[in-house]
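Engineer:
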Amino acid sequence: MATAPVTVVPRLKLGSQGMEVSAQGLGCMGMSAFYGPPKPEHDMVALIHHAVAAGVTLLDSSDIYGPHTNEILLGKALLGGVRERVELATKFGISFADGKREVRGDPAYVRAACEGSLERLGVSCIDLYYQHRVDTRVPIEVTLPLGGAAAACACVACVHRSRPPA
């Protein structure tokens, strides 16, 4: 009986701080938000485990997906030794309060967002924590380095920002 060939997902350096990730990542947004109703949790955990077993180690989420439910789902998938095998990315920058979304980058929000993400993910360290949307009311120098959130959040291995203002 023939066995399936083993596929190796290439790895690459991300940025200049030495972080190495799988060249293919798994964006988890659609598992719990935006593309129809949330998918069954056990199916999504199995999907994440399958991706990791196949060599996809960069897992990406955000506190706005759900909101919050995607990070909770990912946290469940990280149990049982999976966390040690992946690079974990999540985002901040869009708050959801009183039924309204708001782009935010003020230090108090960023600190609370980071602490919330750590708790929901069930981890002590986020490998890549980056800004989902830039708050044009707050200078990026004030937002980064996370308004002191890195110290408050136990560990943030890398900080990046996405979608810079035009």
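Using UniProt numbering, the first residue of the sequence shown is number 1, and each one after it goes up by one. We put the beta carbon where it would ideally sit given N, CA and C, even for glycine.
The alpha helix (DSSP H) that contains E71, what's its start and end?
Structural biologist: To locate residue 71, count along the sequence shown from 1; it is residue 71. Per DSSP, E71 belongs to the alpha helix (DSSP H) from 69 to 77.
Engineer: Quick one, are the C-beta atoms of V56 and V82 less than 8 Å apart?
Structural biologist: Walking along the sequence shown from the start, residue 56 turns up at place 56. Walking along the sequence shown from the start, residue 82 turns up at place 82. Taking 8 Å as the Cβ cut-off, V56 and V82 do not qualify as a contacting pair.
Engineer: Do V9 and A54 have their CB atoms nearer than 8 Å?
Structural biologist: Within the sequence shown, residue 9 is the residue found at index 9, counting from 1. Within the sequence shown, residue 54 is the residue found at index 54, counting from 1. In contact: V9 and A54 (Cβ atoms closer than 8 Å).
Engineer: Over the uninterrupted beta strand (DSSP E) stretch that includes M19, give me the two end residues.
Structural biologist: Translated into positions along the sequence shown, residue 19 becomes position 19. It spans 19 to 22 - the beta strand (DSSP E) in which M19 sits, taken as one unbroken run.
Engineer: Who pairs with K100 in a beta bridge, going by DSSP?
Structural biologist: By one-based count along the sequence shown, residue 100 stands at place 100. Its beta-bridge partners are A97.
Engineer: So, R111 versus G93, is the Cβ gap smaller than 8 Å?
Structural biologist: To locate residue 111, count along the sequence shown from 1; it is residue 111. To locate residue 93, count along the sequence shown from 1; it is residue 93. For R111 and G93, no; Cβs fall outside 8 Å.
Engineer: To the nearest angstrom, how far is the alpha carbon of E84 from that of R101?
Structural biologist: Looking up residue 84 in the sequence shown gives position 84. Looking up residue 101 in the sequence shown gives position 101. About 33 Å.
Engineer: Does the beta-carbon of K91 have 16 or more other beta-carbons within 10 angstroms, so that it is buried, or is it exposed?
Structural biologist: Numbered from 1 along the sequence shown, position 91 holds the residue referred to as residue 91. Answer is buried; the Cβ neighbour count reaches 16.
Engineer: By the DSSP assignment, the beta strand (DSSP E) with R11 in it spans what residues?
Structural biologist: Reading the sequence shown from its first residue, position 11 is the one you call residue 11. Segment 11 to 14, the beta strand (DSSP E) holding R11.
Engineer: Within a Cβ cutoff of 8 Å, which residues of the same chain sit near D135, ignoring the five residues on either side of it in sequence?
Structural biologist: Locating residue 135 in the sequence shown gives position 135, where the first residue counts as 1. Here the set comprises G93, V103, R104, G105, D106, T143.
Engineer: Between the C-alpha atoms of E41 and E71, what's the straight-line distance to the nearest angstrom?
Structural biologist: Taking the first residue of the sequence shown as position 1, residue 41 is located at position 41. Taking the first residue of the sequence shown as position 1, residue 71 is located at position 71. E41 and E71: Cα-Cα distance of roughly 12 Å.
Engineer: Over what stretch of residues does the beta strand (DSSP E) that includes A89 continue unbroken?
Structural biologist: In the sequence shown, counting from the first residue as 1, residue 89 sits at position 89. 87 to 92 is the extent of the beta strand (DSSP E) around A89.
Engineer: When you compare only the Cα positions, how much space is there between I140 and E20?
Structural biologist: In the sequence shown, counting from the first residue as 1, residue 140 sits at position 140. In the sequence shown, counting from the first residue as 1, residue 20 sits at position 20. Near 25 Å, if we compare the C-alpha coordinates of E20 and I140.
Engineer: Assign A166 to one of three DSSP states: helix, strand, or coil.
Structural biologist: For the purposes of this step, residue 166 is taken as the residue at position 166 of the sequence shown. Bear in mind that a pLDDT of 40 at A166, under 50, signals an unreliable position, so the number given afterwards is only what the model happens to contain. In this structure, A166 counts as coil in the three-state DSSP scheme.
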